[in-house]
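Undergrad: So that we are looking at the same thing, I have put the structure below in structure tokens.
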Amino acid sequence: MATKIIEHQWKLNLPNAFLTDHSMSDGNQRDQTYDGPDKIFLQINAEGKEVYGPLTEDDIADGRPKPLDVVQWYEVDCTRSDLHTLICQLRGPVVNEKEEDRGAGTDTNHPGSPVVDGDVYPQFTYSSTIFPDDIYNWDTIRVANPGTAGPDDISIGVFTPREKLNGVDEDKTWEHVRKHRDSVLANSDGQIAEDMPDALKQQWKDYRQSLRDLPNKMIAAGVHPNFADLMFPVEPGFQDPPHQGDPDAETGQPWEPPSSM
């Protein structure tokens with residue numbers, strides 16, 4: 403039987419406050435549309451964890467052998483519940499052309515990132531539109547009773563705010579922020595040339611001074627290191643790359659922390 407592609411309306415459960423409180427007690431939701439196979443099969447090992455990647459009905463029908471360390475090709479009915487649709491959205495081969503544009507949201511200032519020294523230190527912002535993979539960690543998918551699991555024996559966890567901010571479930575420290583600051587300062591060494599226009603020369607001097615001042619000013623403003631590390635001043639002449647989004651396709655990646663951790 404050929405894989406059937408469906409369009410299915412569902413509700414995505416959202417956290418109380420993104421990047422602050424990822425519990426779901428407030429009942430926040432938003433409407434979603436799933437476009438993809440009506441069912442997928444997860445390759446589950448004896449520990450209830452997914453290995454190798456998901457399969458479709460066509461994959462199952464082609465006669466491939468089951469890997470020795472896979473105890474169950476676990477069927478996920480993508481319309482059984484919002485949880486099942488979420489799993490399919492994260493793991494199934496969705497129709498990319500019908501996915502939401504990640505650039506469509508508006509920037510939201512995080513409350514942990516206040517104004518510090520005017521506009522010298524940009525506030526940390528995130529998109530107002532939160533996607534499933536911004537919150538739910540597909541690597542935490544677990545199937546109970548592997549080998550004989552039923553249709554509702556599946557679960558998934560959420561990222562903690564620290565995991566999304568820092569890449570790991572740990573807080574940053576001021577030592578980390580200072581090391582990051584020192585690295586950025588070193589990278590800007592030699593940017594001031596003798597024949598540079600005085601106005602531009604002053605911009606670089608001010609930029610480098612703001613880097614030196616950053617830890618103390620953030621501490622004085624009560625900013626946590628997790629956010630101070632995301633509020634570095636913008637170097638002179640820097641411009642954000644233009645958004646190249648296709649309005650009919652998903653663009654970009656889920657929000658990820660910088661690689662300085």
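403 is the number of the first residue of the sequence shown in this note's numbering; add one for each residue after it.
Beta carbons: idealized from backbone N, C-alpha and C, even for Gly.
Which residues bound the alpha helix (DSSP H) around K413?
TA: Here K413 belongs to no alpha helix (DSSP H); instead the beta strand (DSSP E) covers 407-415.
Undergrad: Could you spell out where the beta strand (DSSP E) holding P722 opens and where it closes?
TA: Because residue 722 is not part of the residues shown, which for the chain are 403 to 663, the question remains open.
Undergrad: Using a Cβ-Cβ cut-off of 7 Å (strictly less than) and excluding sequence neighbours within five positions of D631, which residues of its own chain qualify?
TA: Result list for D631: K574, H578, V579, H582, S662, in chain order.
Undergrad: When burial is assigned at 16 or more other CB atoms within 10 Å of the CB, is M598 buried or exposed?
TA: With fewer than 16 other beta carbons inside 10 angstroms of its own, M598 counts as exposed.
Undergrad: So, N447 versus Q431, is the Cβ gap smaller than 7 Å?
TA: no
Undergrad: Straight-line CA distance for E637 to D509?
TA: 21 Å
Undergrad: Tell me whether the beta-carbon of V478 lies closer than 7 Å to the beta-carbon of H486.
TA: yes
Undergrad: Counting Cβ pairs closer than 8 Å, one from the region 512-531 and one from the region 455-462, do we hit at least three?
TA: no
Undergrad: Do you know whose CA, among G559, V545, I407, lies nearest P553's CA?
TA: V545
Undergrad: Could you tell me the alpha carbon to alpha carbon distance between G476 and Q411, rounded to whole angstroms?
TA: According to the sequence provided, residue 476 is Tyr. The question's Gly does not apply to it. Cα to Cα, the separation comes out at about 23 Å.
Undergrad: Report all residues from its chain with a CB closer than 6 Å to the CB of L616; omit the five preceding and five following residues, and keep chain order.
TA: R583
Undergrad: Measuring CB to CB, does I594 end up less than 7 Å from W606?
TA: yes
Undergrad: So I558 and L488 are in contact, right, with Cβ under 8 Å, and what is the actual spacing, rounded?
TA: 7 Å
Undergrad: In the structure shown, what three-state DSSP assignment does T481 receive?
TA: coil
Undergrad: Name the DSSP beta bridge partners of Y476, please?
TA: As DSSP reads the structure, Y476 sits in a beta bridge with L444.
Undergrad: Per DSSP, what kind of secondary structure is Q431 in: helix, strand or coil?
TA: It is a strand residue.
Undergrad: According to DSSP, simplified to helix, strand and coil, what is K603?
TA: helix
Undergrad: Is G465 buried or exposed, if buried means 16 or more other CB atoms sit within 10 Å of its CB?
TA: Label assigned to G465: exposed.
Undergrad: If we count the other Cβ atoms within 10 Å of its Cβ and call it buried at 16 or more, is E449 buried or exposed?
TA: exposed
Undergrad: Mark F526 as exposed unless 16 or more other C-beta atoms lie within 10 angstroms of its C-beta, in which case mark it buried.
TA: The residue in question, F526, is buried, as its Cβ has 16 or more Cβ neighbours within 10 Å.
Undergrad: If you draw a straight line from the alpha carbon of A651 to that of G438, how long is it in whole angstroms?
TA: Confidence at A651 is low in this model, with a pLDDT of 45, below 50, so its placement is unreliable and the value that follows should be read with caution. Each residue's Cα considered, the two are about 14 Å apart.
Undergrad: Since D555 and N547 should fall inside the 8 Å C-beta cutoff, what is the C-beta to C-beta distance between them, to a whole number of angstroms?
TA: 5 Å
Undergrad: In angstroms with no decimal places, state the Cα-to-Cα distance between D648 and G507.
TA: Annotation note: pLDDT 47 at D648 (below 50); position unreliable, coordinate value reported separately. If I take the Cα positions, the gap works out to 14 Å.
Undergrad: Distance check for D608 and A623, CA to CA, integer angstroms please.
TA: Cα to Cα, A623 sits roughly 20 Å from D608.
Undergrad: Go through its chain and collect everything with a Cβ distance to K413's Cβ below 8 Å, but skip five positions before and after it.
TA: Q431, R432, D433, Q434, D484.
Undergrad: Quick check on A419: does DSSP put it in helix, strand or coil?
TA: strand
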